[in-house]
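So the sequence lines, in the order shown, correspond to chains A and B.
Note that my numbering has the first sequence beginning at 657, numbered continuously upward.
Note that my numbering has the second sequence beginning at 76, numbered continuously upward.
Cβ coordinates follow ideal geometry from the N, Cα and C atoms, glycine included.
All values derive from a computational prediction rather than experimental measurement.
A quick write-up on the structure given underneath.
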Amino acid sequence: MMASRREFLKTSGALVILFSLNDSFSQSTPARLPGSLNGNRMLNAWLRIDPDGSVTIFSGKIELGQGIGTALAQIAADELDVELKRIKLVHGDTALTPNEGQTAGSQSVQDSGTAVRFACAEAREILLSAAAAKLGTQELKVVDGTINGSLTYWTLAGEIDLKKEASGTAKLKPAAEHKWIGKSIPRHDIPRKFTGGEAYVQDIRLPGMVFGRVVRPPSPGAKLDSVDESLVKRMPGVVAVVRDGSFLAVAAEREEQAIKARAALAKSAVWKESATLPPSGPALYEHMIGLGVPAQTMLDKSAAAASPAKTLQASYTRPFQAHGSIGPSCAVAQWEGGKLRVWTHTQGVYPLRGDLANVFGLEPAAVRCTHAEGAGCYGHNGADDVALDAALLARAAGGRPVKLQWTREDEFMWEPYGSAMVMKLGGALDAQGNIVSWSHELWSHPHSTRPGQSKGSHTLAARHLAKPVGAEPVRDVPLPAGGADRNSIPLYEIPNVKVTKHLILESPLRTSALRTLGGYANVFALESFMDELALAARADPVEFRLRHMKDPRARAVIEATAARAGWKPGARGNNEGWGFAYSRYKNLGCYCAVAAEVTVDRKTGQVRVQRAVSAVDVGQVVNPDGVVNQIEGGIIQSASWTLKEAVSFDRTRVKTRSWADYPILRFDEVPQVEVVILNQPNQPFLGVGEGSQGPAAAAIANAIASATGKRLRDLPFTPARVKAVLA
Amino acid sequence: MANFTLRVNGSARDVSVDADTPLLYVLRNDLELNGPKFGCGLAQCGACTVLVDGKPVRSCVTPMSAVKGAVETIEGLGSEDKLHPLQKAFIAEQACQCGYCGNGMVMSAKALLARNPRPTNDEIRKALNGHLCRCASHNRIVRAVQRAAREIQS
């Protein structure tokens, strides 16, 4: 299993092309190349053409159920002029694929897709130029890799050299000639997922493999005081017990033996706990503000404007929320001759490799991380942490591979949460009801504490070891994409805008990237406040947004959403209502508007989202059904966050342990969703995975306000909270 | 350790395990079936669902000693070459994102269609309400079950 890259190439039958993933170049400032080509500039890092008539695409972005593998294959097939079935994909392997950092930020089609596109177009040019020389003509026509009915890519593959830097100037195929891009090609990963095929890291079985479980501390501040390992070591099947500081884990021949051994270890362990957690409930937000972290000004723009006739202020909050992957995090690790091999559902194999190398004091080359799918992650869950857990345990397993899956409780208690946030908004209207000034002040913990620092590690167990491995201080994702401040700057036409951020670096509860980072809460606040201003201006919310929006693509999604929803200006419901919201994800990604229809039961406080309609512009569409799936899934997931979800804790322990403590939206609560795609075949890819969560939250809040005349500003809108506001 | 003869997907399989071992680990680790998934270990999410004598059972909390009937997993429905109408329908509707919950959805849907061949949307939602899906493919899953029901009927 520990095949080196050279062996892989030998056994996989490649004739020609040796890899060079990390070639560096002598030019001091190389020309900027499109997408991820810029950081991985060699053509052969991206594709290989094999004599057996197949093409292998190497992507540093990983499949996490978003359909990226199929989308990349569509792009490659079109630019190369080959049938889709010829395309094979290798995702995320530090021995095989380019380093594309994290698969995050809805950037896979944008970054990897753009790189694959240019690399394949250039490979095609190289193949055609070789063919022209052979055939003595420039009149060349390619059908599925066969040129002028005679020469094929597969025979030419041995004669061309893709071990060269991409120019980034290859001529791309015009949209009108696309055969695969723009079609709802069924995802290639789905059939095996519904037939019991090997689809996930959980399905990996290696010879001699043993099963691991970890005993985590009972609370974030707990330290292991004592434990009787000897008893557990004598239990049936136990292969290894690892105790290192407060890291405690066990491996056994059989999974159920590991589970029993874990229970015995947990029973015997004595921990020293301390009350390190902040207050919860409304006091949490007071606490966050009260820490007094200085504000950073993210935008302060002023211009002449009419004098304000009306001013408004409102505060919004969002609790800590969990990724809640259905399958707890899992990894397989094996040591051989001082080298570590890990199979992992990390979103970034290279960043994880760096962190593992730092923890074990190894050169990165001594660690190989290979991606295998996990359950949907929606951001930075326990994937990286469990990889270190498995590696620590495997080190004591005498060279045998260890598969370690977290329990549901491990995942809920220890995954890094989406940070709690406070947003205070202010605004002023002139006498005509136009916005003349706007302010957005926010408090948040960091939204990206992922692996991938040059020193130390952000993995969980690293901090529990007897000699803890710390991490470099966290920096927020800089604007324009932003992290805590993502989507905090309004894109509406407003002459005076001030946006400030209080980034609270210290967080006793781990926080990191949950789908959209700060975007969900900021858009919830911003688009709720737009409705509050619209109401103050006695304007229709859709008209009010259009009045302040110049960008024609934004206007188009707003208008298309309103039209499909049958939006009626001025309609106010009797406990039934529609709400509207819009955002452009990261202020530079896809454009998305959502209209949501809710019914509110005043007696029970139950809010039911009946229907949601969304129009989206993601630039050029690669796979329309993939876009619909992401927007639809995003709206429903956001409805779940918005109506139900908050991690609970006391001053010492996290109380969220199981699905009973953390209800999510179920079948009988899920709205019908309609998605309208506004395709832009001549525009760049914009990404789609995080487009709808922010606007969906605000649309629900606005719909409740429209239905009841009362506004909810504190997430989630649980029945108790709704009843309190309506009382 | 105790010896058990499990009837799984039409064949008899002998295993020697502790009697309190959850069926899930025997299916996944001894019989190397990938279909049933570990999700919560608490019968809360449904990812581990298999059929025992046609009834949906949460294999993560079902000890081997309690398994008396014939076990069917998603592998028993069909293969990529010979798909069961439910598998075909889930693929046709692209009824997942990550797909981790899909096994349980298909197995509970199979039990539903056996007792109610033409369920309404509400009946499907009710039958699957004990299954969690985090990617939010619920509406696609309901459409897939409807599609399979139509195919099985015709």
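- Against chain B, a Cβ distance below 7 Å from A/I1292 picks out A211 and H213.
- Within the same chain, M76 and N78 come within 6 Å of B/S91 by CB-CB distance, once the 5 residues on both sides are set aside.
- For A/M944, the uninterrupted alpha helix (DSSP H) run begins and ends at P938 to G946, by DSSP.
- At a cut-off of 7 Å, the C-beta of A/R918 has no neighbouring C-beta in chain B.
- For B/N214, the enclosing alpha helix (DSSP H) starts and ends at H213 to Q228.
- Closer than 7 Å at the C-beta level to chain A, one finds these residues of the segment 102-136 of chain B: N104, E107, L108, N109, G110, K112, F113, G114, C115, G116, L117, Q119, C120 and A122.
- As the crow flies, the alpha-carbon of B/V146 is around 12 Å from that of B/V101.
- Non-local beta-carbon contacts of B/A219 in its own chain, meaning distances under 6 Å to residues more than five positions away in sequence, involve A164, F165, E168 and A170 in chain order.
- Contact with chain A is absent for B/L98, since none of that chain's Cβ atoms lies less than 7 Å from the residue's Cβ.
- Residues of the segment 843-873 of chain A whose Cβ lies closer than 9 Å to any Cβ of chain B, in chain order: R843, D845, I846, P847, R848, K849, F850, T851, G852, G853, E854, A855, Y856, Q858, D859, R861 and F867.
- In the displayed model, A/E833 falls within a helix according to three-state DSSP.
- Three or more beta-carbon pairs drawn from the segment 1326-1335 of chain A and the segment 1273-1281 of chain A are found closer than 8 Å, and the two stretches are therefore classed as touching.
- Under the 8 Å Cβ criterion, the segment 1030-1046 of chain A does not count as touching the segment 954-970 of chain A, having fewer than three qualifying pairs.
- If the five residues before and after A/G691 are omitted, its C-beta is found closer than 6 Å to the C-beta atoms of D767, T770 and A771, all from its own chain and listed in chain order.
- Counting every other CB atom within 10 Å of its CB across the protein chains shown gives A/N1230 a total below 16, marking it as exposed.
- Less than 7 Å divides the Cβ of A/S1113 from the Cβ of A/A1127.
- Scanning its chain for C-beta atoms nearer than 7 Å, with the 5 sequence neighbours on each side dropped, one finds around B/A189 the residues G129, in chain order.
- A/A1053 and A/A1361 have their C-alpha atoms roughly 59 Å apart.
- Looking at the backbone, the Cα of A/I1150 and that of A/Q1286 are separated by about 31 Å.
- Residues of the segment 179-199 of chain B with a C-beta less than 7 Å from any C-beta of chain A: V181, listed in chain order.
- Taking 7 Å as the cut-off, the beta carbon of B/S212 is found no closer than this to the beta carbon of B/P131.
- Using a Cβ distance threshold of 7 Å, A/L1008 and A/P935 do not count as a contacting pair.
- Neighbours of A/V1023 in chain B, taken as residues whose beta carbon is under 7 Å from its own, are absent, since the nearest beta carbon is some 26 Å off.
- Annotated as distal: A/K928 and A/K995, with beta-carbon spacing of 7 Å or more.
- Secondary structure at A/L1182: helix, using DSSP grouped into helix, strand and coil.
- The continuous beta strand (DSSP E) containing A/F714 extends over residues V711 to S715.
- The criterion of a C-beta distance shorter than 7 Å is satisfied by A/W999 and A/V857.
- Selection A/W1223, A/P1225, A/R1240 and A/R1119 evaluated against A/G1138 yields A/R1240 as nearest (Cα-Cα).
- Secondary structure in the segment 108-137 of chain B: the beta strand (DSSP E) runs of 3 residues or longer, each lying completely within the stretch, are 124-127 and 130-133 in chain order.
- Within chain A, E912 have C-beta atoms less than 8 Å from the C-beta of B/D93, given in sequence order.
- For A/L880, the enclosing beta strand (DSSP E) begins and ends at K879 to S882.
- Chain order gives no chain B residues near A/N1014, where near means a beta carbon separation below 9 Å; the closest approach is about 29 Å.
- Of the candidates A/V1263, A/A733 and A/V1153, A/V1153 places its Cα closest to the Cα of A/M954.
- Judged by DSSP secondary structure, A/E1065 falls within the alpha helix (DSSP H) whose first and last residues are R1064 to W1070.
- Sixteen is the threshold: since fewer than 16 other Cβ atoms of the shown chains lie within 10 Å of the Cβ of A/L947, the residue is exposed.
- With fewer than 16 other Cβ atoms inside 10 Å of its own Cβ, A/A687 counts as exposed.
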